[in-house]
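Just so you know, we're using this note's numbering here: the sequence shown kicks off at 5 and counts up by one. No residue lacks a Cβ here, since even glycine has one placed at the ideal position from N, Cα and C. From a predicted model like this one, the values you see are computed outputs, not experimental measurements. Since the structure comes first, as structure tokens, the remarks are kept for the end.
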Amino acid sequence: MEEDNKYENLESIYTNIDNYNNLPRVQERSCLDTEVQKRGCEAASEGRQACSGKPAAVCLGLLCVLLLAVIIGLWIKHDAGRDQLQSSYDNMTKERDQLQSSYDNMTKERDQLLDINNNLTLERDQLQSSYDDLTMERDAFQQKLELLTGERNQLQRDYDNMTKERDQLQSSYDNMTKERDQLQSSYDNMTKERDQLLDINNNLTLERDQLQSSYDNLTMERDAIQQKLEMCFKGWRKFGSSYYYFSNGRKNWAESRQYCREMGADLLIINSREEQEFIKEVNIDAWIGLSDAQTEGIWKWVDGSPLTTVYWSTGEPNGAHKDEDCAVNEVVSLSTWNDIPCSSEAGWICEL
Ligand code: MAN
Ligand code: CA
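Dropping the structure here:
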């Protein structure tokens, strides 16, 4: 802005200088006016030669008046031009002073600008040097930057790969954590079950030991009883899972049964064809544990079980005598049962 104002002032000054240079034309015009005046005078002198006498004097007087008027007009015009010139001169003087002042200022400014220019030149050289250094440093940094960029990209790839691996590991970790929790839960449940089983096992072991002890005791008792039985039941015969006693003497049915019961047994109960075959081998008439003493015609074994399979002799039971309520096995054939009075005497067969 300041520069623009200076240029505007300079332009104004040059314009005034041009106006000043135009001033001589006014003087020339003045000289032209003087020329007109001379020509007027010459015309007047020519008229003076043509006009003679009184009319000539009148003409001369008119010319003089005209000339006077012209001179007065020119005089007035000259004063006005002079005033304008004076004014222009004053203006020019002011403008010159202003120009001088502007010139001085511009000189100072130029000197200052020169100083500034020198300083700026120095600074520019320093900056150029710095710029060159910085350019080298920038190039070096650029190379380092490229290397670092390559390393960064490699690191970024490694980071991405590691991120994927981490996510996979995290997923595996989560799955393993779930499995671990499930296994922990299963382990806890199995631990509880194991403890319960251990308790059960301990109880069963105790029970087993107790049972083993009882079994051992029972075995010992059984063996002792077995020995006693063998001693007591000497002469008893074993068939299947039972022992059989075949009497030598004879008793009625009730006495025979009593004998068997005192031995811990009872009269024989026949449950199978094999058992019937077995007793057939003994060649005696013997009571068996079968009677209808309780209800006539309803035969029952001594243990209360009903009669199903029968081996009656042909025509038996016939109740041929009064109160034939007890059955005796007669050695005749396979079917050998006969009903006879319970008071009759016969051998007997005990079964244990
Ligand atoms: C015969 C048959 C039997 C009957 C006896 C009685 O042997 O009539 O049925 O029981 O005599 O002694
Ligand atoms: Ca009979």
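- Under the three-state reduction of DSSP output, residue 69 falls in the helix class.
- Of the candidates 335, 326 and 202, 326 places its Cα closest to the Cα of residue 347.
- Distances taken from the Cβ of residue 333 to the heavy atoms of ligand 1 include none shorter than 7 Å.
- Listed by position along the chain, the residues with Cβ atoms less than 7 Å from a non-hydrogen atom of ligand 2 are 320, 321, 322, 323, 324, 328, 342, 343 and 344.
- In the DSSP assignment, residue 320 falls outside any beta strand (DSSP E), carrying neither H nor E.
- Residue 278: member of the alpha helix (DSSP H) spanning 277 to 284, first to last residue.
- Taking 4 residues as the shortest admissible run, the segment 240 to 279 contains the following complete alpha helix (DSSP H) segments, listed from N- to C-terminal end: 257 to 266.
- For the pair of segments examined, the segment 307 to 324 was found not to touch the segment 285 to 292: the number of CB pairs separated by less than 8 Å stays below three.
- Inter-residue distance for residue 170 and residue 187 is about 24 Å (C-alpha atoms, whole angstroms).
- By the Cβ rule, the segment 289 to 305 counts as touching the segment 261 to 277, because three or more pairs are nearer than 8 Å.
- Taking a C-beta distance under 8 Å as the contact criterion, residue 355 and residue 343 do not qualify as a contact pair.
- Under the DSSP assignment, residue 304 falls in the beta strand (DSSP E) whose first and last residues are 302 to 305.
- Boundaries of the beta strand (DSSP E) around residue 299: 290 to 299.
- Residue state for residue 346 is assigned as coil, using DSSP reduced to three classes.
- Between the C-alpha atoms of residue 77 and residue 113 there is a straight-line separation of about 52 Å.
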